[in-house]
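**Q** Add 11 to the 1-based position in the sequence shown for this note's numbering, that's all there is to it. The beta carbon of each residue, even a glycine, is placed where N, CA and C say it ideally should be.
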Amino acid sequence: MKIAYSGEKGPVFWLALRTSILTVLTLGIYRFWAKTRLRRYYWSAIRPGGSPLEYVGDPLEKLLGFLVAVVFMAFYIGIVNLILMYFSFALFNANFAAYGLSFLGLTPIIFFAQYRARRYILARTRWRGIRFGLEPGAWGYSWRAMLHWALAICTLGLTWPLTTLWLEKYRVSRTFYGDQGFVQGGSKWMLFGAMRHVYYGLGLTLIATAMTGLYENPAWLMVYLLSLPWLIYGWAYWRAESFKRMTEAKEVGELRFTAKPRPWRIIGIYALGGLMMNIAMSGVFMVAFILVAVVAGTVDLDTIDLETLDPATTALIPGALLVYFLLIILTRAMTHAWITLPLAEHFSEVTELTNTQNIAQIKQRDRDEFAEAEGFAEALDVGAAI
């Protein structure tokens, strides 16, 4: 069963542009409706066997969950920071310890929010009328993620493939499609091969740095011209190969998956998307520069008096704000059109479902109700993206 993709750059660009403008005009309140509309577009474009995915999340549900999370976070951060600041000044007569401990105290909430956001998204996703779901386990994921990240940091990222697989196994083992649970297979060494080109690039960089420092020969700096492209390819290879290995090790009852993403296609998407965005941004900057030059030509910027601003000078302030928000809005819309959508298209079209003969026997699961939806992820702005 192949996965078709029906999304197009033009419609998603205008959808992202319109929803971003409304988000700015409503001082951010419309973001919950904007995210819902974009998800519905992306979900409906992914069509395994011709049947589109459905996203049935409720934006009002998101807004109310966000407000609940903000109240909790304000209390938590306020009380915890007050206690930490007191002890920091009492013990060290400075606030640096309070800031560091404050970040560490927020870390488990970040991982908790990411898991809860994933649970909400899956609970509001359907295919062929059957709901997905994720079992409770946010705090278990949080402390495991902290341990795995600490291990990755202590090993300078060398164990990141192991961290990725462990956390994926925890999430996938609690994921359901209807009454069928997912299983994430694979040995603990499965993803290290997917990181090999990153290791090669880093090794080459370390060698060039060491030889340059030891022999002070600038010729060794030329090695960086090879190591940097190698690292870029290694990053793309990691994204493609890790997705392939973890996808093909997943099971849902008798259902299996195959995937063949291509590293060069991923690099091409980012390169073309970055080029198009730079061209568009250059045009916006050019227009803004011309307008500022025209207005500034009628104003003596060295003698501006804030208490007696004339209309031409006053126009510079809202004009600057307009350009600022325009850049944000255009960047967001173009990112959807030139990077997010092509990536979704590529990863969808290279993935296939096999052993699908018993899909019709999968039964519906109960609706998973939420007290705060994606509220914590929205409040922290983590783990709740498209």
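For residue 144, does the count of other Cβ atoms within 10 angstroms reach 16, so buried, or fall short, so exposed?
**A** Walking along the sequence shown from the start, residue 144 turns up at place 133. Result: buried.
**Q** Please determine if the region 89 to 96 and the region 52 to 62 are in contact, where contact requires at least 3 C-beta pairs separated by less than 8 Å.
**A** Short answer: they don't touch.
**Q** By DSSP, does residue 270 sit in helix, in strand, or in coil?
**A** The sequence position of residue 270 within the sequence shown is 259, counting from 1. Strand.
**Q** What is the DSSP secondary structure of residue 315, counted as helix, strand or coil?
**A** Here residue 315 corresponds to residue number 304 of the sequence shown, with the count starting at 1. Legend: pLDDT at residue 315 = 49, less than 50; position of this residue unreliable, value from coordinates given subsequently. If DSSP states are grouped into helix, strand and coil, residue 315 belongs with coil.
**Q** Mind checking residue 166: buried by the 16 CB within 10 Å criterion, or exposed?
**A** Walking along the sequence shown from the start, residue 166 turns up at place 155. Classification for residue 166: exposed.
**Q** State the Cα-Cα distance for the pair residue 96 and residue 77, rounded to the nearest angstrom.
**A** In the sequence shown, the residue the question calls residue 96 occupies position 85. In the sequence shown, the residue the question calls residue 77 occupies position 66. If I take the Cα positions, the gap works out to 27 Å.
**Q** Taking buried to mean at least 16 other C-beta atoms within 10 Å of its own C-beta, is residue 301 buried or exposed?
**A** Taking the sequence shown and counting its residues from 1, the one referred to as residue 301 is at position 290. Exposed: under 16 other Cβ atoms inside 10 Å.
**Q** Taking all protein chains shown into account, do 16 or more other C-beta atoms lie within 10 angstroms of the C-beta of residue 50, making it buried, or fewer, making it exposed?
**A** To locate residue 50, count along the sequence shown from 1; it is residue 39. So residue 50 ends up on the buried side.
**Q** Could you spell out where the alpha helix (DSSP H) holding residue 154 opens and where it closes?
**A** Along the sequence shown, read from residue 1 onward, the residue named residue 154 stands at position 143. Where residue 154 is concerned, the enclosing alpha helix (DSSP H) stretches over 149 to 165.
**Q** Starting from the C-beta of residue 255, find all residues in its chain whose C-beta is less than 7 Å away, skip the five residues before and the five after it, and write them out in chain order.
**A** Against the sequence shown, residue 255 aligns to sequence position 244. Hits under 7 Å: 270, 271 and 272.
**Q** Nearest-angstrom Cα distance between residue 195 and residue 331?
**A** Sequence index remark: in the sequence shown, residue 195 carries index 184 (1-based). Sequence index remark: in the sequence shown, residue 331 carries index 320 (1-based). Near 50 Å, if we compare the C-alpha coordinates of residue 331 and residue 195.
**Q** Within a Cβ cutoff of 6 Å, which residues of the same chain sit near residue 177, ignoring the five residues on either side of it in sequence?
**A** Your numbering for residue 177 matches position 166 in the sequence shown. 159.
**Q** From the DSSP output, in three-state form, read off residue 376 for me.
**A** Your numbering for residue 376 matches position 365 in the sequence shown. Here residue 376 sits in coil by DSSP.
**Q** Out of curiosity, what's the CA-to-CA distance linking residue 378 and residue 112?
**A** Numbered from its first residue, the sequence shown carries residue 378 at position 367. Numbered from its first residue, the sequence shown carries residue 112 at position 101. Spanning the two alpha carbons is a distance of roughly 39 Å.
**Q** DSSP three-state label for residue 245, please.
**A** Within the sequence shown, numbered from 1, the residue matching residue 245 stands at position 234. DSSP places residue 245 in helix when its eight states are reduced to three.
**Q** Here's the rule I'm using: 16 or more other beta-carbon atoms within 10 Å means buried, otherwise exposed. How should residue 253 be labelled?
**A** Taking the sequence shown and counting its residues from 1, the one referred to as residue 253 is at position 242. With 16 or more other Cβ atoms within 10 Å, it is buried.
**Q** Taking all protein chains shown into account, do 16 or more other C-beta atoms lie within 10 angstroms of the C-beta of residue 298, making it buried, or fewer, making it exposed?
**A** As a working mapping, residue 298 is identified with position 287 in the sequence shown. The residue is exposed, with fewer than 16 neighbouring Cβ atoms inside 10 Å.
**Q** Determine the contact status of residue 399 and residue 124, defining contact as a CB-CB distance below 8 Å.
**A** No information on residue 399 is available, as it lies outside the stretch 12 to 397 that the chain covers here.
**Q** By Cβ distance, which residues of its chain are closer than 6 Å to residue 142, with the 5 residues on each side in sequence left out?
**A** Within the sequence shown, the letter at position 131 stands for residue 142. Closer than 6 Å at Cβ, skipping near neighbours: 376.
**Q** Going by DSSP, what residues sit across from residue 138 in a beta bridge?
**A** Counting from 1 along the sequence shown, the entry for residue 138 is found at position 127. Beta-bridge pairing links residue 138 to 64 and 141.
**Q** DSSP three-state call for residue 185: helix, strand or coil?
**A** In the sequence shown, counting from the first residue as 1, residue 185 sits at position 174. In the structure shown, residue 185 sits in coil (DSSP, three-state: anything other than H, G, I, E or B).
**Q** Helix, strand or coil: how does DSSP classify residue 16 here?
**A** Taking the first residue of the sequence shown as 1, we reach residue 16 at position 5. Strand, per DSSP.
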